[in-house]
Amino acid sequence: MTPNTYSPSEMMIVVAARQLAGARTVFVGVGLPNSACNLARYTVAPELELIYEAGVYGARPARLPLSIGDPSLVTGALAAVSMADLFGLYLQRGLVDVALLGGAQIDRFGNLNTTVVGDYASPKVRLPGSGGACEIATNARSVLMIMRLSKRAFVRKLDFQTSPGHLTGGDARARLGLPGGGPQTVITDKALFDFANPQREMQLIECYPGISPADVQAEVGWPLRMAEIVGETPAPSAEELRLIREELDPQGLYR
Amino acid sequence: MPSKLLSMHDAIAAHVHDGESVAIEGFTAFICFAAGHEIIRQGRRELTLIRMTPDLLYDQMIAAGVARGLVFAYLGNPGVGSLHCIRRAVEKGIPRPLELEEYSHFGLVARYLAGASNLPFYPLRSYAGSDLPSVNPRIRTIDDPYGSGPIAVVPAIHPDVAIVHVQRADAQGNAHLWGLVGMQKEVAFAADRVIVVAEEIVDEAVIRADPNRTLIPGLIVDAVVCEPYGCHPSYVQGYHDRDNDAYLEWDAISREQASTDAWLDEWVFGVADRAEYLAKLGEERLEKLRPRPALAGPVDYGAYG
Chain V
102 MTPNTYSPSE
112 MMIVVAARQL
122 AGARTVFVGV
132 GLPNSACNLA
142 RYTVAPELEL
152 IYEAGVYGAR
162 PARLPLSIGD
172 PSLVTGALAA
182 VSMADLFGLY
192 LQRGLVDVAL
202 LGGAQIDRFG
212 NLNTTVVGDY
222 ASPKVRLPGS
232 GGACEIATNA
242 RSVLMIMRLS
252 KRAFVRKLDF
262 QTSPGHLTGG
272 DARARLGLPG
282 GGPQTVITDK
292 ALFDFANPQR
302 EMQLIECYPG
312 ISPADVQAEV
322 GWPLRMAEIV
332 GETPAPSAEE
342 LRLIREELDP
352 QGLYR
Chain G
5 MPSKLLSMHD
15 AIAAHVHDGE
25 SVAIEGFTAF
35 ICFAAGHEII
45 RQGRRELTLI
55 RMTPDLLYDQ
65 MIAAGVARGL
75 VFAYLGNPGV
85 GSLHCIRRAV
95 EKGIPRPLEL
105 EEYSHFGLVA
115 RYLAGASNLP
125 FYPLRSYAGS
135 DLPSVNPRIR
145 TIDDPYGSGP
155 IAVVPAIHPD
165 VAIVHVQRAD
175 AQGNAHLWGL
185 VGMQKEVAFA
195 ADRVIVVAEE
205 IVDEAVIRAD
215 PNRTLIPGLI
225 VDAVVCEPYG
235 CHPSYVQGYH
245 DRDNDAYLEW
255 DAISREQAST
265 DAWLDEWVFG
275 VADRAEYLAK
285 LGEERLEKLR
295 PRPALAGPVD
305 YGAYG
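As given, the protein sequences belong to chains V and G, one line each in that order.
Each residue of the first sequence is one higher than the one before, counting from 102 in my numbering.
Each residue of the second sequence is one higher than the one before, counting from 5 in my numbering.
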């Protein structure tokens with residue numbers, strides 16, 4: 102691809118990285134989130150330390166990790182700790198500024214389903230389950246959701262609520278005593294959303310170049326709330342694309 | 005003291021029985037496939053398998069019909085996709101239905117922590133605003149007796165047997181482990197019986213020279229097995245890498261019960277033990293998995309007296 106064209110995955114990585122400006126610690130997932138966090142380290146968040154639920158603080162992976170428990174996360178890290186320490190002392194203690202999460206289904210308040218499609222007892226599709234997502238969504242100071250936009254994923258009602266977003270909206274999280282701030286943005290392959298309104302409802306704030314709000318609404322299963330001004334997200338810069346293609350993912354596994 | 009060293013065959017025969025609960029742990033790393041395959045070969049049945057991330061190993065064991073239940077937190081082929089055999093058991097009851105008991109990662113870690121330290125339960129901030137407690141009655145909410153409000157709790161878990169793989173141990177089971185130590189220590193202390201599987205058996209003096217690296221004391225260990233590459237295709241920090249091709253290949257093999265059965269016939273029932281499995285795999289494939297060294301600086305404990 103030439104510097105002027107880019108894939109939807111590259112756009113998601115770039116948009117997610119920009120969201121990490123100023124963050125000190127980020128709880129990372131494998132794949133696109135991993136590339137996004139590393140891109141942020143090269144660009145908007147040079148002091149960013151990567152935390153992996155496998156038990157790593159301050160990872161400096163020398164290769165693109167194949168899973169969230171890759172051995173390259175350990176070699177050269179600031180700390181390799183037990184998972185009891187990682188979840189208890191780092192996450193639940195409140196040391197995670199930002200976490201990246203995805204899921205099979207998300208609703209208008211940013212609640213996530215990664216458990217089942219259909220009924221729990223006799224599911225149509227058995228999904229992976231929570232893993233660490235429930236505690237990450239509970240405890241991280243803020244959460245960035247990374248998901249491709251589609252009507253199957255952006256649903257009116259979740260089949261199962263695995264991880265809490267803004268629950269029923271408004272101050273529902275605070276009333277339930279959840280320590281973290283909940284979802285802050287949703288990064289998709291077509292548009293960017295936030296929850297910056299009193300109802301803490303997902304709202305469209307930016308469309309990517311060439312995408313209209315109507316295109317976005319067509320992929321969302323409820324009448325979408327629009328920000329007062331829906332802007333256009335700047336395309337990836339030449340430098341952002343160079344870093345992804347040459348430094349972070351030269352083999353193109355996640356582009 | 006008599007040595008606790010056993011062959012994998014004898015360790016499984018002595019310590020894993022039909023109907024018991026078995027935890028073969030290790031988060032992405034240190035997953036003792038050699039032990040799981042031996043359990044399949046010996047035809048164990050009605051096991052309750054416990055593992056935070058069932059991974060390929062439990063997919064294989066469940067496809068082989070050893071389990072009636074699964075206690076877990078994340079069902080995935082890490083970095084690849086679904087665990088098709090477990091999905092087949094859950095969605096279609098093939099080869100038999102599977103009872104699920106589901107947690108989040110921290111929830112199951114907390115169960116191990118409670119079990120390991122002889123507490124009845126463990127509190128954690130997860131589960132408020134999640135549907136998980138509605139499908140798992142063991143996740144409950146109590147009122148903080150000191151007045152901070154409601155808090156979720158999970159009960160202690162005591163697996164009948166824990167099987168943990170480590171880099172090195174002595175013949176008593178004093179074990180050194182580094183890298184992603186995961187929940188290996190907690191599951192070992194929580195279990196009624198412990199099998200330690202090591203890449204290398206070392207003299208007790210090697211253990212005593214670096215006591216901070218001892219995660220599991222021989223005091224709680226019942227059997228020690230020396231099984232180099234016993235974790236293939238998962239990995240052991242500093243010894244060998246994950247065999248990612250095997251994880252990718254499993255995605256195709258496991259999609260049908262017939263191709264899964266053929267794989268089990270060839271790679272589990274078709275070999276007598278781990279040594280035969282490794283010979284069949286071939287030295288060339290193993291050689292590719294060896295990392296270059298990255299040594300830590302030495303640590304001075306000091307000599308006193």
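For glycine and all other residues, C-beta sits at the position ideal for the given N, C-alpha and C.
Three-state class that DSSP yields for residue i in the structure shown
{"i": "residue 99(G)", "result": "coil"}
{"i": "residue 173(V)", "result": "helix"}
{"i": "residue 284(V)", "result": "strand"}
{"i": "residue 211(G)", "result": "helix"}
{"i": "residue 264(V)", "result": "strand"}
{"i": "residue 88(G)", "result": "helix"}
{"i": "residue 309(V)", "result": "coil"}
{"i": "residue 250(V)", "result": "coil"}
{"i": "residue 41(G)", "result": "helix"}
{"i": "residue 261(G)", "result": "helix"}
{"i": "residue 347(V)", "result": "helix"}
{"i": "residue 295(V)", "result": "strand"}
{"i": "residue 128(V)", "result": "strand"}
{"i": "residue 327(V)", "result": "strand"}
Beta-carbon proximity check, residue i vs residue j, cutoff 8 Å
{"i": "residue 239(V)", "j": "residue 281(V)", "result": "yes"}
{"i": "residue 236(V)", "j": "residue 138(G)", "result": "no"}
{"i": "residue 153(G)", "j": "residue 128(G)", "result": "no"}
{"i": "residue 126(V)", "j": "residue 198(V)", "result": "yes"}
{"i": "residue 199(G)", "j": "residue 175(G)", "result": "no"}
{"i": "residue 266(V)", "j": "residue 210(V)", "result": "yes"}
{"i": "residue 45(G)", "j": "residue 272(G)", "result": "yes"}
{"i": "residue 203(V)", "j": "residue 246(V)", "result": "yes"}
{"i": "residue 31(G)", "j": "residue 200(V)", "result": "no"}
{"i": "residue 59(G)", "j": "residue 35(G)", "result": "yes"}
{"i": "residue 28(G)", "j": "residue 39(G)", "result": "yes"}
{"i": "residue 278(G)", "j": "residue 231(G)", "result": "yes"}
{"i": "residue 70(G)", "j": "residue 87(G)", "result": "no"}
{"i": "residue 157(V)", "j": "residue 178(V)", "result": "yes"}
{"i": "residue 195(G)", "j": "residue 163(G)", "result": "yes"}
Beta-carbon neighbours of residue i, restricted to chain V and to distances below 9 Å
{"i": "residue 216(G)", "result": "Ordered by position in chain V, no residue passes the 9 Å Cβ test against residue 216(G), which lies about 13 Å from the chain."}
{"i": "residue 293(G)", "result": "Correct list: empty, because the minimum Cβ distance to chain V is about 10 Å."}
{"i": "residue 135(G)", "result": "214, 216, 221, 259, 261, 262, 263"}
Within chain V, the residues that residue i reaches when beta carbons sit closer than 8 Å
{"i": "residue 190(G)", "result": "183, 185"}
{"i": "residue 117(G)", "result": "185"}
{"i": "residue 239(G)", "result": "172"}
{"i": "residue 94(G)", "result": "224, 227"}
{"i": "residue 132(G)", "result": "239, 265, 277, 278, 279"}
{"i": "residue 245(G)", "result": "172"}
Interface residues of chain G facing residue i [CB-CB closer than 7 Å]
{"i": "residue 221(V)", "result": "139"}
{"i": "residue 233(V)", "result": "108, 109, 110"}
{"i": "residue 176(V)", "result": "298"}
Residue i burial status per 10 Å Cβ neighbour count (16 or more: buried)
{"i": "residue 349(V)", "result": "buried"}
{"i": "residue 150(G)", "result": "exposed"}
{"i": "residue 264(V)", "result": "buried"}
{"i": "residue 113(G)", "result": "buried"}
{"i": "residue 220(G)", "result": "buried"}
{"i": "residue 65(G)", "result": "buried"}
{"i": "residue 178(G)", "result": "buried"}
{"i": "residue 146(G)", "result": "exposed"}
{"i": "residue 264(G)", "result": "buried"}
{"i": "residue 257(G)", "result": "buried"}
{"i": "residue 148(G)", "result": "exposed"}
{"i": "residue 201(G)", "result": "buried"}
{"i": "residue 214(V)", "result": "buried"}
{"i": "residue 257(V)", "result": "exposed"}
Identified DSSP bridge partners for residue i
{"i": "residue 127(G)", "result": "157(G)"}
{"i": "residue 76(G)", "result": "106(G)"}
{"i": "residue 220(G)", "result": "179(G)"}
{"i": "residue 27(G)", "result": "54(G), 166(G)"}
{"i": "residue 214(V)", "result": "206(V)"}
{"i": "residue 230(G)", "result": "202(G)"}
{"i": "residue 9(G)", "result": "228(G)"}
Within chain G, the residues that residue i reaches when beta carbons sit closer than 8 Å
{"i": "residue 156(V)", "result": "31, 184, 185, 186"}
{"i": "residue 288(V)", "result": "Those within 8 Å of residue 288(V) in chain G number zero; the least Cβ separation is about 21 Å."}
{"i": "residue 193(V)", "result": "110, 128, 129"}
Chain A contact for residue i (CB, 8 Å cutoff)
{"i": "residue 262(V)", "result": "This model lacks chain A altogether, as its protein chains are V and G."}
Listed by chain order, chain V residues near residue i by CB distance under 7 Å
{"i": "residue 91(G)", "result": "227"}
{"i": "residue 113(G)", "result": "184, 185, 188"}
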